[in-house]
Structure formats: structure tokens, C-alpha cells
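Worksheet: the structure to be examined is printed underneath.
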Amino acid sequence: MKYITLRFMVVCMLMTAFSAYASTVVLQDDFSGTAIDPQWNINYMGNIKSPYWDYTVNNGYITVTNLYAKTYSTDTQLDHTVVRLTRTFEPVTDFLFTARFIWNQANSLAASDVFYFSLGNVARVGYRDVWTNEKGQLEVYPTGEASNYIGNRTFPFSGDVEVMITRENSIVNVYWGGVLYSTFENTNPLSDIYIHFAFKAIAGSPQGFFGTQRLDYVTIDGSLLNQPDPPDPAPIPEPATVILLVSGLALKCILKRS
Ligand SMILES: [Ca+2]
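The opening residue of the sequence shown carries number 15 in my numbering; numbering runs sequentially from there.
Dropping the structure here:
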């Protein structure tokens, strides 16, 4: 038992050491605390006015409940308002992106709204309550590959999913709720992301944003394009040998005692 435990620990240590080199967490936010992490830039776009939006950060979520259009005119295009959370990081090649998104849009005719993640020049993935009387739509836009656009208009008005985007050897896979929706090739380094909250009022319906858009976490773990130089390659084999030797001696001791 002790042997198995120790061996498991050694394997875990080696794996941790390997993954620490092979990939790096370049973004991790679980929305703990009561404010948006200042590493995010908040961009107010479109025809938006102060106080811009209603949101809370608590219980581990950011929850958006309203975006304020500047006007509620008869021209719906003028009432298109957007808030983006943007962030940049060290460029990565292969990566794993995960996020949990929870939405609850009343079956309302008041507005059309949109929520998506935009990952640099790689992909855009999100949800759109398309229009007044149509159901929600999943959308996947591989950047620069319009022909691979995916739209699924059978999505419910409310839901809770983990969004996962992976890239391995230039092949990108997009999963929504564990279902693979899109696979395409892309080699652009990934070094930025924005989370896009958007609202579009429908003429004569000034109630504003309806329902909620909630995020639990966002993470990006990737292989750095510019790997840091190893500190000094010469002495590395020696400590590794010492560790193996010590591990072996420790094992012997434990086996003898048990
Ligand atoms: Ca959380």
C-alpha cells in the first residue's frame, strides 16, 4: 500500500514537472470576490450610455442582467449595445480553453441578445437569441473560415454548458456541452480573448436586456510560443539521477518496514 502510494506520488510529481514545462496557464478567472479582476479591460461599445450595464460578481459568478442602450429608437440598429471584457497574454500555440456559461433568457419579444467568446484570430463561439420569435442559436465562427460557420437554431432559451476549445497540432476542436460541433485548422498564435455581452432592443420594447448571462470560470492553458530559456541545461541530469536514487532508497526502506 505504502509502495503504491509513494510510486503514485513520484509519478504525479514527474507529470506535474512535465506539464509545468509543456503548458502554462495564461488566463484563469473563477470570478471569486466581488469585483471584476482588474486584468480585464472593460470596453463599452455601440450606442451605450452610463451606467452602461447591470452586473454582479458574487458567489463565484459574474452575472449580467442589463445593458443600457443610449436610445430606444425605432431604428433597432441604433440600440445595439455591447460590453466586452478583453484580456491579452503571452502567445500560445496548442491550447485548452474552458469556460462555463449559464444563460436564462425569458421567451421574450423584448430584445435579441448575444453572448460569445472571441479567441484572437482563432475562433468565436457563443449563443445568440436570434430574433424576436426564434429560439436560441449556438454559433461557431472559425476566424477567417466563414464556410465553417456553424449555427444551430434549436437551442433552448436557458441552459448551463461548459464550452471547450482545444488546439493540438493546428487542429481546433470546439465543444459545447461536451458535444463536438466544429473541427478546423488554424495556426494563428493565440494571445488575446474577449467576452462579448450584447443587447439589441426591438423597436417599441424599451425594457432592455432580458434574462441573465452568467459566467462561472474562464481558463486558457497553453504551450507558449516563446518558451522561456531553460536556466542551465548542464546540471539537470545530475539532480534527476539523485532524485531517482533517493526515491529508490526510500522505497526500499518503506518496503522493508512494511
Ligand atoms: Ca466561479
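All C-beta atoms, glycine included, are put in the ideal place defined by N, C-alpha and C.
Can you tell me where the beta strand (DSSP E) holding residue i begins and where it ends?
{"i": "Ile-116", "result": "94-118"}
{"i": "Leu-229", "result": "226-238"}
{"i": "Pro-65", "result": "62-72"}
{"i": "Asn-80", "result": "75-83"}
{"i": "Gly-140", "result": "137-143"}
{"i": "Gln-241", "result": "Neither: Gln-241 is in no beta strand (DSSP E) and is coded neither H nor E."}
{"i": "Asp-43", "result": "38-43"}
CB-CB under 6 Å to residue i, same chain, minus the five flanking residues each way: which ones, in chain order?
{"i": "Tyr-231", "result": "Asp-44, Arg-114"}
{"i": "Arg-138", "result": "Tyr-130, Ser-132, Tyr-155"}
{"i": "Thr-70", "result": "Thr-77"}
{"i": "Gln-42", "result": "Thr-233"}
{"i": "Ile-164", "result": "Val-154, Tyr-195, Ser-196"}
To the nearest angstrom, how far is it from the Cα of residue i to the Cα of residue j?
{"i": "Gln-227", "j": "Trp-67", "result": "12 Å"}
{"i": "Gly-47", "j": "Trp-54", "result": "14 Å"}
{"i": "Val-193", "j": "Asp-246", "result": "44 Å"}
{"i": "Pro-52", "j": "Ile-207", "result": "15 Å"}
{"i": "Val-188", "j": "Ala-49", "result": "29 Å"}
{"i": "Asn-57", "j": "Ser-205", "result": "18 Å"}
{"i": "Asn-72", "j": "Phe-211", "result": "18 Å"}
{"i": "Phe-103", "j": "Ala-36", "result": "17 Å"}
{"i": "Pro-244", "j": "Val-40", "result": "19 Å"}
One question on the structure: do residue i and residue j come within less than 8 Å of each other, judged by their Cβ atoms?
{"i": "Ile-179", "j": "Phe-111", "result": "yes"}
{"i": "Leu-152", "j": "Tyr-195", "result": "yes"}
{"i": "Arg-98", "j": "Met-59", "result": "yes"}
{"i": "Thr-38", "j": "Gly-236", "result": "yes"}
{"i": "Ile-185", "j": "Glu-176", "result": "no"}
{"i": "Phe-213", "j": "Asp-127", "result": "yes"}
Report all residues from its chain with a CB closer than 7 Å to the CB of residue i; omit the five preceding and five following residues, and keep chain order.
{"i": "Leu-239", "result": "Pro-105, Val-106, Thr-107, Pro-203"}
{"i": "Tyr-82", "result": "Ile-62, Lys-63, Pro-65, Tyr-66, Trp-67, Thr-95, Gly-222"}
{"i": "Gly-74", "result": "Asp-44, Phe-45, Ser-46, Asp-230"}
{"i": "Ser-172", "result": "Trp-117, Asn-118, Gln-119"}
{"i": "Gly-191", "result": "Val-175, Glu-176"}
{"i": "Gln-241", "result": "none"}
Apart from the five residues on each side of it in sequence, which residues of its chain come closer than 8 Å, Cβ to Cβ, to residue i?
{"i": "Glu-182", "result": "Asp-108"}
Under the criterion of a Cβ to heavy atom distance below 7 Å, does residue i qualify as lining ligand 2?
{"i": "Tyr-58", "result": "Although ligand 2 was asked about, the structure shown includes only ligand 1 as ligands."}
- Tell me the start and end of each unbroken beta strand (DSSP E) in the region 174-205 that is at least 3 residues and wholly inside, in chain order. 185-190, 193-199
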